[in-house]
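For reference, the structure discussed in these notes is given below.
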Amino acid sequence: MRGRNIAKIVALVAMVAFVGLLAVQQLFPSVPWLPWTKAIKLGLDLRGGVHVVLEAKEAPGVKITDKAVKDTIAILEERVNQFGVTEPVIQQQGSRRIIVEVAGVKDPDAVVNTLIKAAFLEFKTEDGKTVLTGKHLKDAQDALNPQSGKAEVNLTFDKEGARIFADVTAANVGRPIGIFLDEQLIQNPVVKTPIPDGKAQITGYASLDEAHRVAVLLRSGALPVKLEVMEKRTVGPTLGADSLDRSITAGLVGFGAILLFMIAYYRLPGLVANFALVAYALIVLLIYVAFKVTMTLPGIAGFLLSLGMAIDANIIIFERLKEELRAKRTLRSAIDIGFKRAFVAIFDANVTTVIAAIVLYYFGTGPIKGFAVTLTIGILVSMFTAITFTRFLLHAVAAAGAKNPKLYRM
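Residues in the sequence shown are numbered from 12 upward in steps of one, following our numbering.
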């Protein structure tokens, strides 16, 4: 029994050490996603990016209202999200301005062209008359033509658009119908037969990425207001790099000091807690990678705060354990009762913090949401490691023969 528990402890330590090495070292050069901590994405404040300020302008028939600006923000967010940008910041400033911040992008002109491009779609007959617009567009999808292998955008119109398209193609057999995007002729196909199903294709793209950008712009629709660029600049990574280096140094120094304190003050339980904290940190980082969490300075703060709460949970458990040992309970009984009594306090403290994090996420924006997300993930994982991992290890070391009260600072 004793040898079996020692084997369990050794296996667990080896497993955590192996995962830790995979996190930071390139043990297998043929595996491109290792070390996996490099897959954690950095935000604008750590990696740099683009900062753009847009302002809504009056136009004939268009009034600048709060609803119009908010609708514009919603369309911009949809566009940015569909382009796969991680944790963009798009927020209203005053009554007319919109701030857009995108991390990891170097070209502010590309961001501006992508975000505020109108993508107004028109179908025109040979005499220049507009017969159908993007108003009736139901869907737009990029694809590779199975026969030609070239990129194209497949359009599907709604019921009314399909009826109009069928009538127009029936009336123009043998004549061209031009497809215009932002008033530029993209394609001028000749109608061979009427098209009753409301489907059309735009071809002529240099790549599938270009077709994808156009499809996204068409799907997200036209902006309800005209936007002018008031400011666009690239945010350098210098400040972020300095902050990141200092944060990592501070985190490592603080983490090391905590590990030493826990061993010096709690002895064997402190060693168990340190091991559980290492496992906690690895689990949290794995979740960041799995859920593609973008790390910002507030996100790092959320991680460090949750790390502190994980340590608090272990301290509460060990104090309860010492109380039970002073009451002359057996070690295994003291562990069980100590965990049971500590759970209530740990649960109450963590639930209130999670509620605060949820409120921050709901009302916050950008980095504030990142702080709330990393804090919530950290708290949930800390509860798991404190209640299950630490408990398992304490029972294992006790069953392995470590029962001397001095090991538990008694």
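No residue lacks a Cβ here, since even glycine has one placed at the ideal position from N, Cα and C. All values derive from a computational prediction rather than experimental measurement.
Length of the line joining the Cα atoms of residue i and residue j
i           : j           : result
residue 110 : residue 47  : 33 Å
residue 231 : residue 292 : 39 Å
residue 33  : residue 407 : 26 Å
residue 123 : residue 37  : 38 Å
residue 222 : residue 153 : 6 Å
residue 444 : residue 240 : This structure gives no information on residue 444, because the portion of the chain shown stretches from 12 to 421.
residue 207 : residue 135 : 17 Å
residue 271 : residue 351 : 27 Å
residue 166 : residue 149 : 8 Å
residue 59  : residue 113 : 9 Å
residue 139 : residue 176 : 16 Å
residue 330 : residue 371 : 32 Å
residue 80  : residue 228 : 18 Å
residue 20  : residue 418 : 17 Å
residue 151 : residue 188 : 19 Å
residue 322 : residue 288 : 7 Å
residue 131 : residue 374 : 34 Å
residue 286 : residue 220 : 47 Å
residue 237 : residue 380 : 29 Å
residue 399 : residue 361 : 16 Å
residue 23  : residue 57  : 35 Å
For residue i, three-class secondary structure by DSSP
i           : result
residue 424 : The requested residue 424 is not part of the displayed model; the chain covers only 12 to 421.
residue 354 : helix
residue 100 : strand
residue 133 : strand
residue 151 : strand
residue 76  : coil
residue 161 : coil
residue 304 : coil
residue 146 : helix
residue 51  : coil
residue 109 : strand
residue 201 : strand
residue 280 : helix
residue 5   : Outside the displayed range of the chain (12 to 421) lies residue 5, so it cannot be described from this structure.
residue 185 : coil
residue 156 : coil
residue 39  : coil
residue 45  : coil
residue 234 : coil
residue 375 : coil
residue 128 : coil
residue 206 : coil
First and last residue of the uninterrupted alpha helix (DSSP H) at residue i
i           : result
residue 116 : Element bounds for residue 116: n/a, residue is neither H nor E.
residue 387 : 378 to 395
residue 33  : 13 to 35
residue 314 : 308 to 337
residue 170 : 170 to 182
residue 408 : 401 to 410
residue 224 : 219 to 231
Endpoints, the beta strand (DSSP E) within which residue i is located
i           : result
residue 189 : 189 to 192
residue 60  : 60 to 68
residue 211 : 210 to 214
Per DSSP, cross-strand counterpart(s) of residue i
i           : result
residue 244 : 62
residue 195 : 192
residue 239 : 66
residue 166 : 151 and 211
residue 141 : 135
Integer Cβ distance of residue i from residue j, believed to fall under 8 Å
i           : j           : result
residue 137 : residue 191 : Not quite, the Cβ-Cβ distance comes to about 13 Å (not below 8 Å), so this is no contact.
residue 385 : residue 304 : 7 Å
residue 90  : residue 126 : 6 Å
residue 10  : residue 262 : There is simply no residue 10 to check, as the chain begins at 12 and stops at 421 in what is shown.
residue 179 : residue 143 : 6 Å
residue 353 : residue 328 : 4 Å
residue 198 : residue 214 : 6 Å
residue 15  : residue 412 : About 12 Å separates the two Cβ atoms, so there is no contact after all.
residue 416 : residue 336 : 7 Å
residue 163 : residue 212 : 5 Å
residue 345 : residue 393 : Rounded, the Cβ-Cβ distance is 22 Å, inconsistent with contact.
residue 245 : residue 61  : 6 Å
residue 364 : residue 320 : 7 Å
residue 300 : residue 51  : 6 Å
residue 283 : residue 391 : The Cβ separation is near 21 Å, so there is no contact.
residue 278 : residue 420 : 5 Å
residue 242 : residue 63  : 7 Å
residue 310 : residue 382 : 6 Å
beta-carbon residue i near the ligand SAM non-hydrogen atom, thresh 8 Å
i           : result
residue 110 : You won't find the ligand SAM in this model; it holds no ligand whatsoever.
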